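In our numbering, the protein residues as written are 29 to 483. Idealized CB from N, CA, C, for every residue including glycine. None of the values given here were measured: they were computed from a predicted structure.
Below, the structure is given as C-alpha cells:
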C-alpha cells in the first residue's frame, strides 16, 4: 500500500513537528537563565531533537541563546551558519516541493521564515555593536535590507519553479500558484541601528537619510507599524545620546489549522472547510477544479500564533534618576504574520493538491481492498489511518526570537552612570531588572545598551 509504505519509510515522527523539547528552554529564557538555555539547546542537539533537515533552526536558536548569554562571538558563528543554511536549503526545499506533491512538508529541509532570517542579521549587528565592530554591523544591516527588497522577486521565482515542477509531477493535480504581493520592504529597527551608527561616525547626513527611511516604514506600512513611531534622536547640540534597546516577550509560533476538503464533481469545485466547533463546515476557501469523485478528507496548514507578553512598559534610570521609558519600534508578531502571508498561499495550494491526490489514491486503494467482511473493513480503515497520519502541518519555527523591540534615545551629559532598566507589567509590577554599572557615556561615539526580558 503506497500510503502505508510512505509512513513506514519516513517514520511517523518525521511526518509531524516535534516541539515539546522547547518547553524547558522557554522556561529558562523566561527566568533569565540564558546560559542554561544555551546548555539545553546544545543538549537537545546531541539528543537528536534537531534533525539534519532542521539544522537552520538549530543554528538560529543557538545563535540567539548565545546572544542572550552575552557570548557574542559564539552567537555570530552560529548565526552565520544559520544564514548559510537558509540560503542552501531554500533552493533544495523548493526543488523538492515543486517536483513531488507526495512529500509532507515536515519531511523537507526547513530553510527558515523570512522574518527569522531578517532578525538573524539584526541580532548579528547587535553583537558587532557590542564588540565595537561597526563596519561589520553595517554589513549585517545592509544584508537585512537587501533581503527585504528582494522578497517580491524571491516569491515570483518560487511561483515559476513550483508551477513548472507541478506540470512535470506524476500527481497531475492542476493547481497554479500566483505569488502574493509582499507588503514588507522596510524594517524600522534596521533603520534605527544604521541611523545611530552613522551618527556615531559623524555622518549626520547619512543618519538623517536613515531617519527618513524609518519614518517611511511607519507611514507606508501601517498594517505592520500600527502604533506611534518612537521619538528617536541621533544628535544633540550640547549633550550625548544614550540609546537603550529593550527586547521583550517571545516571538510567535505556528499552530495547526485543521481543515477538511469537500469535492463536488457536478460543480467542478473543491471546497476547503473549517473543522473547529465555532466554524464547523463554514468555508475557508474554494478552488474551481474538475474532479472525478465526491470526497471529504482531512488537511492541515500552519498559522502564526502570537505569544502574549506580560511586559507593557520599560523604565530607565541613570544614577537612580528617572530619564524616561522605552517605546515600541518593532512588533515581531506583525512582521512574522505579514511575511508569512506570501509563503502561506504556496503552502495552502501544495497541501490542497497533495490532499486531493492522496484522496484519489486512497479511494482507489480502498475500492481494491474492499473484499467484504471484517478483513475488508480493516484494510480500508488502515488505508484511512495511513492517509491521516501522513497529513500534518509543518509547525517548525524558532521559539527564541523576542516578541517586541523597544527603543529609547535620551539626551544626557557625558560621564559614568549606573543604569537600571526595569521591565514592568500592566499593573506596574517589576518583572525583571537589568543593571549596568559604571557605564561610560561617550561625548562622541555610539552609546547603546541592550536589555532583555523574554517574559
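Which residues DSSP lists as bridging residue i, in chain order
| i | result |
| --- | --- |
| residue 359 | 432 |
| residue 451 | 342, 460 |
| residue 333 | 281 |
| residue 440 | 268 |
| residue 349 | 346 |
| residue 381 | DSSP, once it has assigned bridges, lists no residue as partnering residue 381. |
| residue 297 | 292, 316 |
| residue 273 | 435, 478 |
| residue 327 | 287 |
| residue 183 | Residue 183 pairs with nothing; no bridge assigned. |
| residue 445 | 467 |
For residue i, the first and last residue of its enclosing beta strand (DSSP E)
| i | result |
| --- | --- |
| residue 323 | Premise fails: residue 323 is in no beta strand (DSSP E) and is neither H nor E. |
| residue 54 | Looking at the DSSP string, residue 54 is not in any beta strand (DSSP E); the run it does join, the alpha helix (DSSP H), is 50–59. |
| residue 283 | 281–292 |
| residue 476 | 476–481 |
Rounded distance between the beta-carbons of residue j and residue i, thought under 8 Å
| i | j | result |
| --- | --- | --- |
| residue 339 | residue 277 | 6 Å |
| residue 420 | residue 132 | 7 Å |
| residue 227 | residue 253 | That belief does not hold up - the Cβ atoms of residue 227 and residue 253 are roughly 22 Å apart, past 8 Å. |
| residue 452 | residue 343 | 6 Å |
| residue 436 | residue 355 | 6 Å |
| residue 443 | residue 469 | 6 Å |
Neighbourhood of residue i by C-beta distance below 6 Å, restricted to the same chain and skipping five residues each side
| i | result |
| --- | --- |
| residue 222 | 169, 238 |
| residue 365 | 332 |
| residue 370 | 183, 208, 210 |
| residue 467 | 445, 447 |
| residue 64 | 56 |
| residue 83 | 113 |
| residue 450 | 343, 458, 461 |
| residue 97 | 62, 63, 66 |
| residue 285 | 329, 331 |
| residue 318 | 296 |
Three-state secondary structure (DSSP) of residue i
| i | result |
| --- | --- |
| residue 467 | strand |
| residue 68 | helix |
| residue 305 | helix |
| residue 314 | strand |
| residue 252 | coil |
| residue 119 | helix |
| residue 422 | coil |
| residue 137 | coil |
Endpoints, the alpha helix (DSSP H) within which residue i is located
| i | result |
| --- | --- |
| residue 167 | 162–177 |
| residue 96 | 83–96 |
| residue 145 | 142–158 |
| residue 224 | 216–228 |
Sequence-distant residues of its chain with Cβ nearer than 7 Å to residue i (five each side left out)
| i | result |
| --- | --- |
| residue 224 | 262, 271, 474, 476 |
| residue 363 | 143, 212, 252 |
| residue 352 | 344, 436, 438 |
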